[in-house]
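Undergrad:
Protein chains: 2
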Amino acid sequence: MRYELYYWPSIQGRGEFVRLALEEAGADYLDVARLPHGTAAMMSFLEGKSTDRAPFAPPFLRAGKLVIGQTANILMWLAPRHGLVPKSEAARIWANQLQLTIADWLVEAHDTHHPLGAAFYYEDQKPESLRRAANFTGSRLPKFLGYFERLLAREKGGWILGRTLSYVDLSLFQMAAGLRYAFPRAMERLRPKHPRLAALHDRVASRTRIAAYLGSKRRIAFNEHGIFRHYPELDA
Amino acid sequence: MRYELYYWPSIQGRGEFVRLALEEAGADYLDVARLPHGTAAMMSFLEGKSTDRAPFAPPFLRAGKLVIGQTANILMWLAPRHGLVPKSEAARIWANQLQLTIADWLVEAHDTHHPLGAAFYYEDQKPESLRRAANFTGSRLPKFLGYFERLLAREKGGWILGRTLSYVDLSLFQMAAGLRYAFPRAMERLRPKHPRLAALHDRVASRTRIAAYLGSKRRIAFNEHGIFRHYPELDA
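Chains as they are written, first to last, in the numbering used here: chain P, 36 to 271; chain L, 36 to 271.
1. In the DSSP assignment, what are the bridge partners of P/ALA98?
2. Quickly, what does DSSP pair L/GLU58 with across the bridge? List them, please.
3. Which two residues bound the contiguous alpha helix (DSSP H) that contains P/GLU275?
4. On the criterion of 16 or more Cβ atoms from any shown chain inside 10 Å, does P/HIS260 qualify as buried, or is it exposed?
5. Does the beta-carbon distance from P/ASP270 to P/ARG220 come in below 9 Å?
6. Taking a Cβ distance cut-off of 7 Å, strictly less, list which residues of the stretch 172 to 188 of chain L are near chain P, in chain order.
7. Mind the definition here: the stretch 248 to 267 of chain P touches the stretch 37 to 53 of chain P only if three or more C-beta pairs lie below 8 Å; say whether that holds.
8. Determine the extent of the alpha helix (DSSP H) in which P/LEU180 is found, giving its start and end residues.
9. DSSP three-state label for L/TYR202, please.
10. So which residues on chain L does P/ASP87 lean against when the C-beta distance must stay under 8 Å?
11. Does any C-beta atom of chain P lie closer than 9 Å to the C-beta of L/GLY48?
12. Is there a Cβ from chain P that is less than 9 Å from the Cβ of L/GLU259?
13. Round the Cβ separation of L/THR106 and L/PHE179 to the nearest angstrom and send it over; I've been treating them as touching at under 8 Å.
14. Counting only runs of 4+ residues fully inside the stretch 88 to 175 of chain L, write out the alpha helix (DSSP H) ranges in chain order.
15. Of all the CB atoms in chain L, is at least one closer than 9 Å to the CB of P/PRO93?
16. I think L/ALA256 touches L/LEU249, with their Cβ atoms under 8 Å apart; what is that distance to the nearest whole Å?
17. I'd like the list of long-range same chain contacts for P/LYS228, defined as Cβ closer than 8 Å, with 5 residues on each side in sequence excluded.
18. So which residues of chain P does L/ARG37 contact, with C-beta pairs closer than 9 Å?
19. Could you list which residues in chain L have their beta carbon closer than 9 Å to that of P/VAL53, in chain order?
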């Protein structure tokens, strides 16, 4: 089956978590909004013109008759079809739980530059961003990193669910890569405390399909329109 | 099976979405943190002392050997065991998608009084709250309400998934109740545009088990420590 991924065409954003899973799986997919007229096609779904079950926001994935929204939901549906999660129910519930925790972490990373919401430009909420970012790099970031590092320390295989790679590892790679881009100083300072997460990042980056993807034009570069933004003043 | 729910004992918060599902199901459960020594038991799980799969934060549910965290994940696991979601995979994926959209909405409701994060008191982020809340009541709230109202208009049975109540309806009830508590003026003003959501709220509230629950001491009253807080100055 050829999947259709719908997401904003100029940023990694939440769509990137799905792209990484599709790429690691070697799945056949179209990144629709990056094609001619793709954004209009995406809007048609959001407006309920192309489906009865309109998603609230991108990303969403079309798989035959199914139109699936919400990043963690898409990944949960895709993963067992492509060997990206163990078969047992307990493992899948745990994977979904971790993915939702990553989603919470991602919101907090985003909110460092948009504490007052997406309605205002960063330039219109800079003092607020400085306060929120200081709390993020000083308190929340170490807490999230520490949580996943401790989980990795309990597992033997170096992956977050144990001996085999899952979609949650791909998402942890993306978090590490994005946070290193946005907060290089804070991440470098915290790095000695999280050797397992750093190793996981490198292991994911060197997988054959992921390495090919990261070197291709399909991988959009980090930029200051996405979730992870490098504003040096926020990286205390 | 007797479930054990772990959540902060003095607020509705995210735990309430799980409580409503357990109550509607007539499930046997303990609200552990509200019992003597319950908060210490909860902390033991969060610190990884009582489980290898420590949740990042409450709520979490213990069901036999399983310890399940993340509200939407708990509900997705509970619902098929208690007839709170249709059996088809497509319906369950859709229900989870809607629940995750409600979770996003909930974060935005919370952030009206904590735009700079949970590290600072409301009193220390009041001007920022005023800006964020004005955008919430003026733009985001109507957008979320309109989304769910449109979905309800497409269904025949008055429930969000059609003819039978699901856990997503219970969560929509909670959103409506909480938003009416926090933003009575904004919600009253918007009410004529969302008759189906208002009807759904009343229908859930009048269900036998839910009505009994809402009238009992098990239902914690809304208060200014929870997610939905009534600060009149934020209700423009």
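Glycine included, each C-beta is placed from N, C-alpha and C at the ideal position.
TA: With the structure as the only source:
1. Bridge pairing for P/ALA98: P/LEU101 [DSSP].
2. The partner list for L/GLU58 (beta bridge, DSSP) is empty, contrary to what the question assumes.
3. In the structure as shown, chain P begins at 36 and stops at 271. Residue 275 of chain P is therefore absent and cannot be evaluated.
4. Taking all protein chains in view, the Cβ of P/HIS260 is surrounded by fewer than 16 other Cβ atoms within 10 Å, so the residue is classified as exposed.
5. Pairing P/ASP270 with P/ARG220 gives a Cβ-Cβ distance under 9 Å.
6. For chain P, the residues of the stretch 172 to 188 of chain L that bring a beta carbon within less than 7 Å of one of its beta carbons are SER174, TYR182 and ARG185, in chain order.
7. Yes: at least three Cβ pairs fall under 8 Å.
8. Run containing P/LEU180: 176 to 189, per the alpha helix (DSSP H) assignment.
9. In the displayed model, L/TYR202 falls within a helix according to three-state DSSP.
10. In chain order, ARG189 make up the part of chain L whose C-beta sits under 8 Å from the C-beta of P/ASP87.
11. For L/GLY48, the closest Cβ of chain P is not nearer than 9 Å.
12. For L/GLU259, the answer is no, since every Cβ of chain P falls outside 9 Å of its Cβ.
13. About 17 Å separates the two Cβ atoms, so there is no contact after all.
14. Listed in chain order, they are 106 to 113, 124 to 146 and 161 to 170.
15. P/PRO93 has a beta carbon lying at 9 Å or more from every beta carbon in chain L.
16. In this structure, L/ALA256 and L/LEU249 do not form a Cβ contact; the two beta carbons are roughly 11 Å apart against a cut-off of 8 Å.
17. If we look at P/LYS228 and ignore the five residues flanking it on each side, its Cβ neighbours are PRO177, LEU180, GLY181 and GLU184.
18. Here the premise fails: no neighbours, minimum Cβ distance about 19 Å.
19. The premise fails here: P/VAL53 is roughly 14 Å from chain L at the closest Cβ pair, so nothing lies under 9 Å.
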